[in-house]
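Residue numbers (full-length UniProt numbering): 1 to 397.
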């Protein structure tokens with residue numbers, strides 16, 4: 001039913017397996033792999049309640065997401081959030097324990113049919129979403145973040161990969177955009193490249209595994225870990241790495257003291273960049289910081305992130321004098337104020353304010369939602385037409 005990952009046994013049953021909730025009698029049939037979380041697979045499942053039998057025929061009740069969860073602090077946070085804000089724009093668990101497995105259990109989450117915004121970017125809009133659709137999606141996610149902050153909770157992992165989209169075509173077409181939190185977060189991939197394998201020993205059960213990535217791809221930081229390597233400066237340098245250690249060894253991970261509402265706001269700015277450009281092909285933290293510095297100096301977002309990356313690498317190669325020239329060049333862009341950018345001034349100011357180095361100067365979620373960029377955002381129907389129903393899905397590539 002599962003395959004080993006080092007000493008860990010991963011939850012990777014073959015699609016077609018049936019799970020029966022012994023308390024409710026509901027049957028869950030695993031249909032396909034739609035993502036991962038750590039070494040475990042996430043599944044789309046069709047479920048049948050006891051009331052699904054009509055005239056002797058078993059009819060499906062609906063679809064759900066099945067995720068393996070280990071007990072711990074993330075489960076505690078999700079349950080507390082679910083109790084205090086059941087109707088928020090946060091994804092909550094529908095059924096906590098439908099099957100026991102090893103040292104954890106499988107839970108039923110709402111099925112988000114379109115996957116995460118990051119998945120949509122990777123398959124449909126490689127160079128970013130239209131700005132009006134960024135406003136729609138981010139606003140929905142910020143409504144969930146507002147509820148978390150209002151209840152004195154910090155998200156810690158806000159990113160495009162944790163904002164999920166669901167489309168219900170019947171009985172009335174409806175689009176939902178919700179924010180994953182704690183135990184309901186997973187890496188979405190609706191077309192996960194899985195293969196069926198069998199162990200080397202005779203009689204071993206077949207199991208699923210992921211296809212390997214292209215070894216020729218350039219080394220870039222994993223987007224699924226973006227909230228770690230792109231964390232706010234006050235979090236990154238005190239939590240993930242010891243700033244006084246030249247070897248930059250990973251530091252402690254469990255303590256939440258370094259996180260704050262304002263570190264979440266920094267990640268909102270990073271998520272806005274990812275949605276605007278479709279990807280963040282960053283190879284190391286210093287590269288990210290260099291790109292952000294150049295954006296701040298010019299006070300505008302480039303049409304293509306690759307342009308800033310190229311300028312950054314040129315400055316690094318040519319040394320101190322080239323950096324001085326680059327600084328002057330960025331300042332000239334600000335003085336000339338040539339507004340040839342494809343982004344609006346409101347969106348650029350939003351990103352710059354969220355990525356302010358001083359956490360005290362970053363806006364709150366409430367402040368962000370009051371800005372015209374979000375107050376005048378179009379509705380979810382517009383997102384449905386422009387993104388989910390787009391005939392030419394690469395208009396911004």
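Think of the CB as a built atom: it goes at the ideal place given N, C-alpha and C, for glycine as much as any other residue.
Each residue's CA atom was taken as its position, placing residue 40 and residue 187 some 10 angstroms apart. Sorting 115, 343, 309, 288 by C-alpha distance to the C-alpha of residue 301 places 343 at the top. Look at residue 87 here: in three-state DSSP terms it is coil, with no helix or strand label.
With respect to residue 177, residue 116 sits apart: the two C-beta atoms are not nearer than 8 angstroms.
Put simply, the backbone Cα of residue 386 is about 22 angstroms away from that of residue 280. Taking every protein chain shown into account, the CB of residue 129 has 16 or more other CB atoms within 10 angstroms, so this residue is buried. In the DSSP assignment, the residues bridged to residue 174 are 168.
Residue 172 has its alpha-carbon roughly 40 angstroms from the corresponding atom of residue 231. Separation of the CB atoms of residue 185 and residue 276 is rounded to 22 angstroms, and the pair is thereby denied contact status at 8 angstroms.
The alpha carbon of residue 121 has as its nearest neighbour, out of 190, 95, 313, the alpha carbon of 190.
For residue 99, no alpha helix (DSSP H) encloses it; the enclosing beta strand (DSSP E) starts and ends at 95-101. In this structure, DSSP gives residue 233 a helical state, which the three-state scheme calls helix.
Distance from the CA of residue 170 to the CA of residue 29, rounded to the nearest whole angstrom, comes to 22 angstroms.
The segment 360-367 makes contact with the segment 137-156; the number of CB pairs closer than 8 angstroms reaches 3 or more. Approximately 6 angstroms separates the beta-carbon atoms of residue 48 and residue 61; this is inside 8 angstroms, confirming the contact. Counting only residues of its own chain and dropping the five nearest sequence neighbours on each side, residue 166 has a CB closer than 6 angstroms to the CB of 112, 113, 176.
Boundaries for residue 364: no alpha helix (DSSP H) harbours it, and the DSSP string shows neither H nor E there. Per DSSP, residue 136 is not a residue of any beta strand (DSSP E); the alpha helix (DSSP H) it occupies stretches across 131-150. The DSSP-derived three-state label of residue 28 is strand. A direct Cα-Cα distance of roughly 23 angstroms separates residue 373 from residue 294. Contact annotation: the segment 353-362 does not touch the segment 90-100, with fewer than three C-beta pairs closer than 8 angstroms.
Taking a C-beta distance under 8 angstroms as the contact criterion, residue 156 and residue 259 qualify as a contact pair.
When DSSP reads this structure, residue 116 sits in a beta bridge with 164. One Cα belongs to residue 131, the other to residue 303, and the distance between them is close to 12 angstroms. Under the DSSP assignment, residue 48 falls in the beta strand (DSSP E) whose first and last residues are 40-48. In the structure shown, the three-state DSSP call for residue 81 is helix. Closest option to residue 99, judged by alpha-carbon separation, among 384, 18, 159: 18.
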